[in-house]
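Below is one structure, written out as structure tokens; comments come after it.
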Amino acid sequence: MKTSRHSFRKRGYIGNSCRSTQKTPKILIIYTGGTIGMIENPDTGALEPFNFEHLLENVPKLRLLDLEMESVEFENPIDSSSMNPQHWQEIAGVIEENYDKYDGFVVLHGTDTMAYTASALSFMLENLNKPVIITGSQLPIGDVRTDGEENLITALQIAGATCPNGNPKIREVAILFEDFLLRGNRSTKHSSDNFAAFSSNNYPPLAEIGMGIHFNFDQLRLSEPKGEFKVNYGMDTNVMYVDLFPGIQEGVVRHLFNTPGIKGIVMKTFGAGNGPNDPWFIKTIQEAVERGIVVVNISQCSNGSVNPGLYSAGLGISKAGVVSGHDMTSEAAITKLMHLFGCSDSRDEVISAMKESICGEMTIE
Ligand code: ASP
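Everything in the sequence shown is counted per the working numbering, starting at -18 for the first residue and increasing by one.
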């Protein structure tokens, strides 16, 4: 992360009435790259990440916000397709280092892997009590029709939004995109084209953005954290997806479940958590579980939960020792496995934490 900071202080009324008697919120912007700050390479015509200065030049309105803002940026801003756990550790490290100095954080990020980063950070930032708002855009900030300006400004306003008692309104990792603020570990990128690119199919929006920012207070995490804020840096990448489809071959499934070094598998199943009833299929899973692999059942459906007891096609999977992922997104499930294996060598501990909702990532009936 580049240590040089851009600092821009600005005053101006943004229509938040509970603000008048309170101090101006201090927000740290963490720029990682993504389309929002990209420009076109004149030789290839392809979009490439560019620096934060360029982004600022294109949003002079930032100076009108009633916020104190500073920024840090990746040494080399990236397309989020290159995002990896080292980058997450870097982002989490900046938040930890600056936790007491700022009231909120806005992370500028590419959309492609934004839901993974949001999920990973939600697990890494334990006892978070301040807003971490992730945003980006579908069109670069320099484009006349950009969605980046509005997303950036709204994300900053949300990061600075406080209750009358001075507490931040948002105390979790969230994605702000177009019309909604979504819980980070419930979000998925569903469109590579629409400005409304993200959805949260199993959890209501934290806020709806219209002429005002309407917070959905019943859905926010408002309880006091159980302890001091801390960052869990460990992320173990010995995890993978196995995505089922009709006709998937025994040799392929055996090969995947026997991948050397693998500790956790998120198996994407049909409907309510179902898979083929072929004995070889159940046996392959059972053998993997007996070898100590944690297998988690996630539905390929974007809405609803796995319920493996509903059909006998799901019963076999659950009897083989597969852990229910309930209504988690696949992004949350895979990053949760990385996080848990990064924090513990005990398979039993990983399984029991996998069954719990750590920070609102799943609904347990
Ligand atoms: N490929 C870009 C990225 O994820 C897409 C975007 O930002 O919208 O960095």
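Each residue gets a CB set at the ideal place from its N, CA and C atoms; glycine is no exception. Note that this is a predicted model, so its numbers are computed, not measured.
| query | result |
| --- | --- |
| Inter-residue Cα distance where the pair is Asp93 and Ile266 | 31 Å |
| Nearest residue (CA-CA) to Met64, options Glu49, Gly15, Glu342 and Ile246 | Gly15 |
| Spatial neighbours of Val176 in its chain, beta-carbon cut-off 6 Å, leaving aside the 5 residues before and after | One detail in the question is off: residue 176 reads as Phe in this sequence, not Val. Excluding residues within five positions, the ones whose Cβ falls inside 6 Å are Gln119, Asp128 and Glu159. |
| Proximity to Glu337 [Cα-Cα], best of Lys317, Pro41 and Thr25 | Lys317 |
| Residues near Tyr97 in its chain [Cβ-Cβ closer than 8 Å; skip 5 each side] | Met64, Glu312, Ile315 and Thr316 |
| Three CB pairs or more closer than 8 Å across the segment 275 to 282 and the segment 48 to 62 | no |
| Cut-off 7 Å between Cβ atoms - residues of its own chain near Val40, not counting five sequence neighbours on either side | Ile122, Glu130 and Leu133 |
| Check: Asp93 C-beta below 8 Å from any heavy atom of the ligand ASP | yes |
| Sequence-distant residues of its chain with Cβ nearer than 6 Å to Ile17 (five each side left out) | Leu89, Gly117, Ser118, Ile122 and Gly129 |
| Cβ neighbour criterion (16 or more within 10 Å) applied to Val53 | buried |
| Per-residue DSSP class, three states only, for Pro350 | The first residue shown for the chain is -18 and the last is 346, placing residue 350 beyond what the model contains. |
| Cross-strand partners of Glu21 (DSSP beta bridge) | Leu28 |
| Asp60 CB to nearest heavy atom of the ligand ASP below 8 Å | yes |
| Counted within 10 angstroms of its Cβ, other Cβ atoms place Ile190 as buried (16 or more) or exposed | buried |
| Gln119: CB within 8 Å of a non-hydrogen atom of the ligand ASP | yes |
| Rounded distance between the beta-carbons of Ile156 and Ile115, thought under 8 Å | 5 Å |
| For Tyr214: DSSP bridge partner residues | Paired residues: none, contrary to the question. |
| Proximity of Ile10 and Phe104 at Cβ, strictly below 9 Å | no |
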